[in-house]
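Protein chains in written order, with the UniProt record's numbering: chain A, 1 to 276; chain B, 1 to 435.
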Amino acid sequence: MTLTQQRKLKTLLVGLASWTVALLLFFPIFWMFITSFKTELQAISVPPQLFFEPTFENFSIVQERSDYLKHAWNSVVTSFGATLLALIIAIPAAYSMAFFPGKKTKDILLWMLSTKMLPAVGVLVPIYILSRDYGLLDSKLGLVIIFTLMNLPIIVWMLFSYFKDLPKEILEAARMDGATPWDEMVRVVLPLSVGGIASTGLLSIVLCWNEAFWSLNLTASEAAPLTAMIASYSSPEGLFWAKLSAASTLACAPIVIFGWFCQKQLVQGLTFGAVK
Amino acid sequence: MTSLSKTAIACAVSFAAFNAFAETQITIATVNNGHMIEMQKLTPEFEKQYPDIKLKWVTLEEGVLRQNVTQDIANGSGLYDVMTIGMYEAPIWGERGWLEPVDTSGDYDVADILPSIRGGLSYNGTMYAAPFYGESSMVMYRKDLAEKAGVTIGDRDSWEHIRDAAKAMNDPANGVYGICLRGKAGWGDNMAFLSAMANSFGARWFDMDWKPQLTTDAWKNTVSFYVDMMNNYGPPGASGNSFNENLALFNEGKCGMWIDATIAASFVTDPKQSKVADKVGFAQSPYAVTEKGANWLWSWALGIPAATKNAEAAQTFVRWATSKEYIKLVAEHNGWGAVPTGTRTSTYENPAFQKAAVFADAELKAINSANPNDSTLEPSPYVGVQFAAIPEFQAIGTTTGQMISGALSGSLSVDEALESANRSADRQMRQAGYY
Numbered sequence: 001m002t003l004t005q006q007r008k009l010k011t012l013l014v015g016l017a018s019w020t021v022a023l024l025l026f027f028p029i030f031w032m033f034i035t036s037f038k039t040e041l042q043a044i045s046v047p048p049q050l051f052f053e054p055t056f057e058n059f060s061i062v063q064e065r066s067d068y069l070k071h072a073w074n075s076v077v078t079s080f081g082a083t084l085l086a087l088i089i090a091i092p093a094a095y096s097m098a099f100f101p102g103k104k105t106k107d108i109l110l111w112m113l114s115t116k117m118l119p120a121v122g123v124l125v126p127i128y129i130l131s132r133d134y135g136l137l138d139s140k141l142g143l144v145i146i147f148t149l150m151n152l153p154i155i156v157w158m159l160f161s162y163f164k165d166l167p168k169e170i171l172e173a174a175r176m177d178g179a180t181p182w183d184e185m186v187r188v189v190l191p192l193s194v195g196g197i198a199s200t201g202l203l204s205i206v207l208c209w210n211e212a213f214w215s216l217n218l219t220a221s222e223a224a225p226l227t228a229m230i231a232s233y234s235s236p237e238g239l240f241w242a243k244l245s246a247a248s249t250l251a252c253a254p255i256v257i258f259g260w261f262c263q264k265q266l267v268q269g270l271t272f273g274a275v276k
Numbered sequence: 001m002t003s004l005s006k007t008a009i010a011c012a013v014s015f016a017a018f019n020a021f022a023e024t025q026i027t028i029a030t031v032n033n034g035h036m037i038e039m040q041k042l043t044p045e046f047e048k049q050y051p052d053i054k055l056k057w058v059t060l061e062e063g064v065l066r067q068n069v070t071q072d073i074a075n076g077s078g079l080y081d082v083m084t085i086g087m088y089e090a091p092i093w094g095e096r097g098w099l100e101p102v103d104t105s106g107d108y109d110v111a112d113i114l115p116s117i118r119g120g121l122s123y124n125g126t127m128y129a130a131p132f133y134g135e136s137s138m139v140m141y142r143k144d145l146a147e148k149a150g151v152t153i154g155d156r157d158s159w160e161h162i163r164d165a166a167k168a169m170n171d172p173a174n175g176v177y178g179i180c181l182r183g184k185a186g187w188g189d190n191m192a193f194l195s196a197m198a199n200s201f202g203a204r205w206f207d208m209d210w211k212p213q214l215t216t217d218a219w220k221n222t223v224s225f226y227v228d229m230m231n232n233y234g235p236p237g238a239s240g241n242s243f244n245e246n247l248a249l250f251n252e253g254k255c256g257m258w259i260d261a262t263i264a265a266s267f268v269t270d271p272k273q274s275k276v277a278d279k280v281g282f283a284q285s286p287y288a289v290t291e292k293g294a295n296w297l298w299s300w301a302l303g304i305p306a307a308t309k310n311a312e313a314a315q316t317f318v319r320w321a322t323s324k325e326y327i328k329l330v331a332e333h334n335g336w337g338a339v340p341t342g343t344r345t346s347t348y349e350n351p352a353f354q355k356a357a358v359f360a361d362a363e364l365k366a367i368n369s370a371n372p373n374d375s376t377l378e379p380s381p382y383v384g385v386q387f388a389a390i391p392e393f394q395a396i397g398t399t400t401g402q403m404i405s406g407a408l409s410g411s412l413s414v415d416e417a418l419e420s421a422n423r424s425a426d427r428q429m430r431q432a433g434y435y
């Protein structure tokens, strides 16, 4: 086999492997999507049906039973609100750690990341009681605070990595021109890191959108986001897969479309920086 | 009159006027069951009758509902004004003073509620949750397959007879399995079924000193019989099956028999969701050495947390949703076949219901034969047929369920599973200070 043939074979194998992985990852979403157009009986039929007469009944049931727009609005407010708040806190933190590191900076960074290793349920009771005492149960503000705290370590880490990659000479030049640390951050670092900040923000939005544990535990009727709406379609006694699939499809649709438009930045965010 | 006085009077009048038109909003936590969803749909009827009360619904998955309402009630958060709870929670929470007693005065007709259901939701004679629908367990079987196999299924057959019938109907080559039973681990999943089965084999969860009894011969006989029967005549992967999975299998025509909640009767006879709707027969649960506790008793009920700020409005709603009039209202909207069952004697006495629900007699018989205060052959210190109404039971039941599910899937022997479950239960009961 010649070198060119070997290269072609390698490309073919890599392509095949990529398509296989991509199809495997996409299959559950595809199945959820087609199940949402089945009747409950078709949804549980064995062997599973790939071809069937589609029905929109499940979507109309979801629309009738749940206030989709309210849940979607709650998801938008909490995801974007938490991301904005987290960026406001994380940018100065990452800037100071990247450009003015102290002896304990690395320890602090590791400690921040270690908080992500704690199972959320471990702090459920104290967070619940604090939320109750401060009147934050079933409120969007409460969720925004929790989502911010939840994503802050990963956002600080990502931004820290972006900032670390900026050439220090540019900052030194700014200092020579009389720039203060604030000027350096706002006029030099931020404009140079717009791509990194955008991809970090996008990742944070996706993480907030998909968050279910705190959403289910800290909300009831007013602030419940789309994840809580999906959970309401699971039934202990009765068939529910088709309706659950319709609710999931409706809940996933906005973030899938959003992710589709921003996939370039998302991929960059996930492959560049601290979590590369 | 000074301008200050005028302003004060104007404010007072406005405040009084505002209060006169003030609405009370109550938040109701519930599960996604057909009957609950119907109740949600009838919200306009309630609000028409009581225009000063508005209803807000929070529908949750059963596990999440349990976690949320427990958090809410234990911390006195007052997030919910009405909670959907089960027969397990009602007496425990009632004893702790976490629930308001249900107002059964006036025209509520509390005497019409089935005695076993009323007893299961009460503590010291006070009802702490009003039953929305109730259920027991019974045998649902395919009449056509039984006839073809030459077997008969009757009320209170012996377990041996049920196993023989399962063997006769078992036809895996054609995708039909003799018997479908719960195998998925959980105190409300496989252990609900197995506790009732164990009762009929003469077993009990605890002796009179609260010592776990899982290593007794009665438990070993139960679990060995169950594992053996399921491995031979049950569907593959049964250790992952609970109510919904078995419902799907039965409705697809893949089970000869299914022993589970009586509420399933309305699903398996519904042609919209069952391929075998016209071929189903019903019989009372089987037994081994005693009929005591052979079928379980459960009710989804509406309770009012003590921390609610809208107790009066919550009582009004609970009385409405669990009344005879509500059942009639559902019948007017959806027919008598769709009314919530298992709660009131008057429902079963209604000729229209008897005509619409082919399973009515079997269901009533099953519910009436279950006695949560006397469900074991040997005396036991707890209340409950398929559970022991103590706070520690959820953890003990679920651990035992995991072990027995392991025995069903073949990763543990029956003896290993029960010994391990007993050790764990013993540890928890000691830690809780029972002995």
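Note that beta-carbon positions come from the ideal geometry of N, C-alpha and C, so glycine has one too.
Sequence-distant residues of its chain with Cβ nearer than 8 Å to residue i (five each side left out)
i      : result
B:P91  : G120, L121, S122, Y123, Y128, V383 and A389
B:V176 : L145, M169, N170, G253, K254, C255 and G256
Cβ-Cβ separation, residue j to residue i (assumed contact under 8 Å), whole Å
i      : j      : result
A:S234 : A:F240 : 6 Å
B:G281 : B:I153 : 7 Å
A:A86  : A:N151 : 5 Å
B:W300 : B:T24  : In fact, because the Cβ distance is near 24 Å, the residues do not count as touching under 8 Å.
A:F163 : A:A94  : 6 Å
B:R182 : B:N241 : 6 Å
B:L55  : B:E47  : 7 Å
Chain B within 8 Å of residue i, Cβ atoms only
i      : result
A:N210 : no
A:A231 : yes
A:P236 : yes
A:F240 : yes
A:L216 : yes
A:V62  : no
A:E40  : yes
A:V221 : Note on identity: in this sequence residue 221 of chain A is Ser, with Val being the wrong assignment. Yes, because at least one Cβ of chain B sits closer than 8 Å to the Cβ of A:S221.
A:R132 : yes
According to DSSP, residues forming a beta bridge with residue i
i                      : result
B:C180                 : B:W258
B:I287                 : As written in the sequence, residue 287 of chain B is Tyr, which differs from the Ile given in the question. For B:Y287, which the question treats as bridged, DSSP gives the partners B:S158.
B:P305                 : B:L99
B:A129                 : B:G303
B:W298                 : B:E135
B:S122                 : B:M127
residue 437 of chain B : A query on residue 437 of chain B cannot be resolved here, the shown segment of chain B reaching from 1 to 435 and no further.
B:Y141                 : B:M257 and B:G281
Alpha-carbon to alpha-carbon, residue j and residue i
i      : j      : result
A:P28  : A:A22  : 11 Å
B:F21  : B:D72  : Since pLDDT at B:F21 reaches only 47, below the 50 mark, its modelled position is unreliable, and the value read off the structure follows with that caveat. Each residue's Cα considered, the two are about 29 Å apart.
B:I37  : A:V62  : 12 Å
B:Y348 : B:M138 : 17 Å
B:D52  : B:K309 : 15 Å
A:L118 : A:W73  : 30 Å
B:I263 : B:L297 : 12 Å
B:T216 : B:D112 : 40 Å
A:V125 : B:D374 : 37 Å
B:P115 : B:N368 : 8 Å
A:P236 : A:W157 : 41 Å
B:W57  : B:Y80  : 10 Å
Beta-carbon proximity list for residue i, same chain, < 6 Å, skipping 5 on both sides
i      : result
B:N32  : T59
A:S36  : N58, S245, A246 and T249
A:T227 : A212 and S215
Close-in-space but distant-in-sequence residues of the same chain around residue i (CB under 7 Å, 5 per side omitted)
i      : result
B:Q394 : W187
B:T104 : V110 and M127
B:G406 : L412 and A417
B:V318 : V82, V102, A130, L302 and I304
B:R204 : Q213, T376, E378 and S380
Residue i at chain A interface by Cβ criterion, 8 Å
i      : result
B:T59  : yes
B:L418 : no
B:N295 : no
B:Y128 : no
B:L145 : no
B:K355 : no
B:G134 : no
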